[in-house]
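This report refers to the structure that appears directly beneath it.
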Amino acid sequence: MSIFLPLYLRMTKNRFRRQFNPLCDAGKHACLVSMPSDAAGFIRALPFVLGLSKTDTVVLLLPKNLEGLYSIITIKKCETVFYEKRPAVFSAEYRRLHEQLGERKFDFLIELSTPPNTSLPHLYRVERRVTFFDTNSFPYYNILIKDGYASLMRFFGISEESTKGIFHFQNRDLRAVEKRLGKARPLLFVNEHDPVGWDGGRIVLGTDVMPEDLVVWKMLYIADAYCGARDAFYEFAVLNEKRILDG
């Protein structure tokens, strides 16, 4: 990161203080959405992105390390732009993003990372810049959302609905994974904490499958219950309505 970046951001802060109308006109909007850089945050953001993509045009900014996880979701209406490192003003990654996105016009810039990246508002002159409440994000972002995704979805008029269809696998692939495992039903996915008294088979992370193996998501998808750390696998289990057990 350039040593001049913090100074530049402070010196250019006032350009974002202009008055604005927080709501767009009715109709389809163009949204540039910056996704969280961690797998757990990415999965938590998916119901919002799915809802937004049904009514608006969405371009996703996504870190390259999540490309494998992104490949197994069913949100296909979104254009996706991947980046290697967190874009910062003056960086090569920032310049590459600007060139790749071209001279587009967006109605909303939506930053879902925490803390928010205050370099992103410099990419385009987007009037409505949305992020979760953070004391250091204003005026770079001028619509600050409290109470997480529930409030964010209400702001954009997105209704709650079942999230089970966000991830999708071919049935033949799931049957092949289940046959290879050879585990009894019901199946428990164990991540760090193994509960006593489970009457059924266990898929143990780190023994039956390694975390970095993409087949891990298929194994968790066919599992009936989850027990363990509150990480990306937990978020995936919640999203797919698995039974959650305490360790």
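In this text, residue positions in the sequence shown follow the working numbering: the first is 2, and each later residue adds one. We put the CB at the ideal spot given by N, CA and C, even for glycine. On a predicted model such as this, the values are computed, not experimentally measured, just so you know.
Who are the near neighbours of residue i in its chain, counting only those whose CB is closer than 8 Å to its CB and skipping five residues on each side?
i, result
"A224", "L188, L189, F190, I204, A238 and K243"
"Y84", "L62, L63, P64, K65, E94, R97 and L98"
"P116", "D135, N137 and S138"
"G69", "L215"
"I144", "P23, R129, R130, V131, T132 and F156"
"I146", "V131, T132, F133, F134, S152, L153 and F156"
"G149", "F133"
Count the other C-beta atoms from every protein chain shown that fall within 10 angstroms of the C-beta of residue i, then say buried if there are 16 or more, exposed otherwise.
i, result
"L215", "exposed"
"I44", "buried"
"A233", "buried"
"A89", "buried"
"D57", "buried"
"K55", "exposed"
"M12", "exposed"
"V197", "exposed"
"P122", "buried"
"I111", "buried"
"K219", "buried"
"I245", "exposed"
May I ask which residues mark the beginning and end of the beta strand (DSSP E) holding residue i?
i, result
"G28", "No beta strand (DSSP E) holds G28; DSSP gives it neither H nor E."
"Y84", "E80 to Y84"
"G207", "From DSSP, G207 is part of no beta strand (DSSP E); its letter is neither H nor E."
"I146", "I144 to I146"
First and last residue of the alpha helix (DSSP H) that includes residue i?
i, result
"R96", "A93 to L102"
"A41", "A40 to S54"
"Y227", "That residue, Y227, is in no alpha helix (DSSP H); its beta strand (DSSP E) goes A226 to G229."
"L175", "N172 to L182"
"F190", "Unbroken run through F190 is the beta strand (DSSP E), L188 to N192; no alpha helix (DSSP H)."
"L70", "E68 to Y71"
"L240", "A233 to L240"
"L246", "Looking at the DSSP string, L246 is not in any alpha helix (DSSP H); the run it does join, the beta strand (DSSP E), is R244 to L246."
"F156", "G149 to F156"
"L221", "V216 to I223"
Suppose the cutoff is 6 Å on Cβ atoms and the five residues either side in sequence are ignored; what does the same chain contact list for residue i look like?
i, result
"V60", "L33 and E80"
"I159", "G52"
"R155", "none"
"V217", "V210"
"A41", "D232, A233 and E236"
"G103", "none"
Would you list the one or two residues that DSSP bridges to residue i?
i, result
"R87", "DSSP output for R87 lists no bridge partner at all."
"R129", "F109"
"N15", "According to DSSP, N15 bridges with nothing at all."
"S35", "L62 and E112"
"G202", "L188"
"F168", "I74"
Identify, in the order they occur along the chain, each residue of the same chain with its Cβ nearer than 7 Å to the Cβ of residue i, setting aside the five sequence neighbours on each side.
i, result
"A46", "M36, P37 and L113"
How do the segment 123 to 131 and the segment 165 to 175 stand: do at least 3 beta-carbon pairs fall below 8 Å, yes or no? Verdict: no, contact absent.
- Query: Three or more C-beta pairs closer than 8 Å, one from the segment 6 to 19 and one from the segment 33 to 42: is that the case here?
  - Reply: Two segments are said to touch when three or more pairs of C-beta atoms, one from each, lie closer than 8 Å; by this definition the segment 6 to 19 does not touch the segment 33 to 42.
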